[in-house]
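Here the sequence shown is numbered in the numbering used here, starting from 772 and rising by one per residue.
Virtual Cβ for every residue (Gly too), placed ideally from N, Cα, C.
The structure under discussion appears below in the form of structure tokens.
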Amino acid sequence: MMIRNRAAGALLTAALFSALWGAGIPEAATTTALAATAAEECGVRSDGRLYCRNTPNVTLSYDASYQTAETGVLKSSFSWFQCWVEGGPHAGGNSIWYLAAGDEAVPPYRGWGFLPAVHVATAHDPAPGLRECTSADYDLIGP
Numbered sequence: 772m773m774i775r776n777r778a779a780g781a782l783l784t785a786a787l788f789s790a791l792w793g794a795g796i797p798e799a800a801t802t803t804a805l806a807a808t809a810a811e812e813c814g815v816r817s818d819g820r821l822y823c824r825n826t827p828n829v830t831l832s833y834d835a836s837y838q839t840a841e842t843g844v845l846k847s848s849f850s851w852f853q854c855w856v857e858g859g860p861h862a863g864g865n866s867i868w869y870l871a872a873g874d875e876a877v878p879p880y881r882g883w884g885f886l887p888a889v890h891v892a893t894a895h896d897p898a899p900g901l902r903e904c905t906s907a908d909y910d911l912i913g914p
């Protein structure tokens, strides 16, 4: 997942750099603008997934609760999220959890799992435009 995020980021960066520099904006200002754009992005894209900054090295759970099995670790600090569910309360002051594909799996699971919304840099939870998880999404977790 980290490789896909970096590849997508590189393409976005190249396109924005080209557009800004082509408009006569100096390279230093262009680089600063690109960094700010990437850091502030948090929204649902055309593929239906939420792309947002998140706390790195977060353990993912089998269900939307701290009392379930650990299924993976989300090591990256910018990720995409498949959907959301209502689960156990957490330090974010709500009970919304997001499903993510972790960067590292905890056997026998596939690495997919839930993390509490407190670890995702959303302005509102659930994130506007992101769909609620269905039973098919739970199948991604395994085993």
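Going by C-alpha positions, SER832 is about 19 Å away from ARG902.
Closest in alpha carbon position to PRO897, among ILE912, VAL877 and GLY864, is GLY864. Note that the C-beta distance between ALA876 and GLY843 is below 9 Å. Cα atoms of VAL829 and PRO899: separation of roughly 23 Å, rounded to the nearest angstrom.
Checking the DSSP bridge columns, you'll see SER832 partnered with GLU841 and PHE885.
Apart from the 5 residues on each side of it in sequence, GLU857 sits with its Cβ closer than 8 Å to the Cβ of ALA835, SER866, ILE867 and TRP868 in its chain, given in chain order.
Under the DSSP assignment, SER906 falls outside any beta strand (DSSP E), being part of the alpha helix (DSSP H) whose first and last residues are 906-909.
Fully enclosed beta strand (DSSP E) runs of no fewer than 3 residues occupy 867-872 of the stretch 851-883, in order along the chain.
For ALA892, the CB contacts under 8 Å within the same chain, skipping 5 residues up- and downstream, are CYS813, CYS823, ARG824 and ASN825 in chain order. For LEU821, the uninterrupted beta strand (DSSP E) segment begins and ends at 821-824. As the crow flies, the alpha-carbon of ARG816 is around 23 Å from that of ASP910. Less than 9 Å separates the beta-carbon of ALA871 from that of SER850.
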